[in-house]
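Below, the structure written as structure tokens:
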């Protein structure tokens, strides 16, 4: 063992003696740790309860909110509605009868023996 | 090992383990106390188990070292997230000034010199000189090979000699 190692060992011994004075007792430290053990499960219970409340709030509060917003959309009318009083038939003329086609004019002359021009 | 035996072993090693926790927390007493509480908590709730692959002391010191490192990381991440000034447990934080006047200037010098060493060098010197372990035991606590621990030991000693102004043989 060199002189320096001996000196280092002496210095460390001084440091150790100084730290030993400041060290808390084992029982106090262990007791605090045990208290934390007891607190931990309580924390888990509170966290689970908070998650439950949040889930409940999401499930039951959301549909009511959606319903209200649907009502609002249904009730809404555009401001330009007043500019369009005309009904559909009057705007576009009389609609074609059912089963009629624009090709009827071409087909019926062909059946009577005339060729279409 | 029964609970009673475990408790007795912990109590026997407590002063030494606290000294080691202090070293892992760069001399911060409050942090060292918190680390020791967390260590006892993990031993009591069974998350840290002594499997008798090493001596009880080596195992306990390893748990203290890992717990202190984990707390340091948590504090660092928190300080980053909350954008606060660096927490005192961050790796580059300076050694805290002791609230009580230092009784021994040699102890102060030693603590200051230790703070300037690389982490591995500081750890191996602390374990060998403060806790009177062999380099092999220190390697077990640090989780490195014996060869690596020997290298850190030699380099740490040389650096300490320079920092403490010791020109003689090492």
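Protein chains in written order, with my numbering: chain A, 1207 to 1323; chain B, 10 to 179. C-beta: ideal position from N, C-alpha, C; glycine also.
Limits of the alpha helix (DSSP H) - the one that residue i falls within
{"i": "residue 57 of chain B", "result": "Per DSSP, residue 57 of chain B belongs to no alpha helix (DSSP H) and is neither H nor E."}
{"i": "residue 162 of chain B", "result": "155-172"}
{"i": "residue 1222 of chain A", "result": "1209-1228"}
{"i": "residue 135 of chain B", "result": "Neither: residue 135 of chain B is in no alpha helix (DSSP H) and is coded neither H nor E."}
{"i": "residue 117 of chain B", "result": "114-124"}
DSSP three-state assignment for residue i, whether helix, strand or coil
{"i": "residue 83 of chain B", "result": "helix"}
{"i": "residue 29 of chain B", "result": "helix"}
{"i": "residue 24 of chain B", "result": "helix"}
{"i": "residue 1265 of chain A", "result": "helix"}
{"i": "residue 143 of chain B", "result": "coil"}
{"i": "residue 10 of chain B", "result": "coil"}
{"i": "residue 36 of chain B", "result": "coil"}
{"i": "residue 51 of chain B", "result": "helix"}
{"i": "residue 71 of chain B", "result": "helix"}
{"i": "residue 1306 of chain A", "result": "coil"}
{"i": "residue 19 of chain B", "result": "helix"}
{"i": "residue 101 of chain B", "result": "Low per-residue confidence applies at residue 101 of chain B: pLDDT is 47, beneath 50, and the placement is therefore not dependable enough to give any value."}
{"i": "residue 1258 of chain A", "result": "helix"}
{"i": "residue 63 of chain B", "result": "coil"}
{"i": "residue 91 of chain B", "result": "coil"}
{"i": "residue 1283 of chain A", "result": "coil"}
Proximity of residue i and residue j at Cβ, strictly below 9 Å
{"i": "residue 68 of chain B", "j": "residue 140 of chain B", "result": "no"}
{"i": "residue 77 of chain B", "j": "residue 40 of chain B", "result": "yes"}
{"i": "residue 130 of chain B", "j": "residue 164 of chain B", "result": "yes"}
{"i": "residue 158 of chain B", "j": "residue 147 of chain B", "result": "yes"}
{"i": "residue 1242 of chain A", "j": "residue 50 of chain B", "result": "yes"}
{"i": "residue 150 of chain B", "j": "residue 162 of chain B", "result": "no"}
{"i": "residue 1217 of chain A", "j": "residue 119 of chain B", "result": "yes"}
{"i": "residue 19 of chain B", "j": "residue 52 of chain B", "result": "yes"}
{"i": "residue 58 of chain B", "j": "residue 124 of chain B", "result": "no"}
{"i": "residue 42 of chain B", "j": "residue 65 of chain B", "result": "no"}
9 Å Cβ cut-off: residues of chain A touching residue i
{"i": "residue 120 of chain B", "result": "1221"}
{"i": "residue 19 of chain B", "result": "1232 and 1236"}
Neighbour list for residue i in chain B, Cβ cutoff strictly below 8 Å
{"i": "residue 1225 of chain A", "result": "27, 28 and 31"}
{"i": "residue 1215 of chain A", "result": "138"}
Proximal residues of chain B, C-beta to C-beta of residue i below 7 Å
{"i": "residue 1290 of chain A", "result": "Neighbours of residue 1290 of chain A on chain B: none; closest Cβ ~58 Å, over 7 Å."}
{"i": "residue 1236 of chain A", "result": "49"}
7 Å Cβ cut-off: residues of chain A touching residue i
{"i": "residue 161 of chain B", "result": "None at all; the shortest Cβ gap to chain A is about 15 Å."}
Beta-carbon neighbours of residue i, restricted to chain A and to distances below 8 Å
{"i": "residue 59 of chain B", "result": "Those within 8 Å of residue 59 of chain B in chain A number zero; the least Cβ separation is about 16 Å."}
{"i": "residue 38 of chain B", "result": "1228"}
Interface partners of residue i on chain B, CB under 9 Å
{"i": "residue 1240 of chain A", "result": "49, 50 and 53"}
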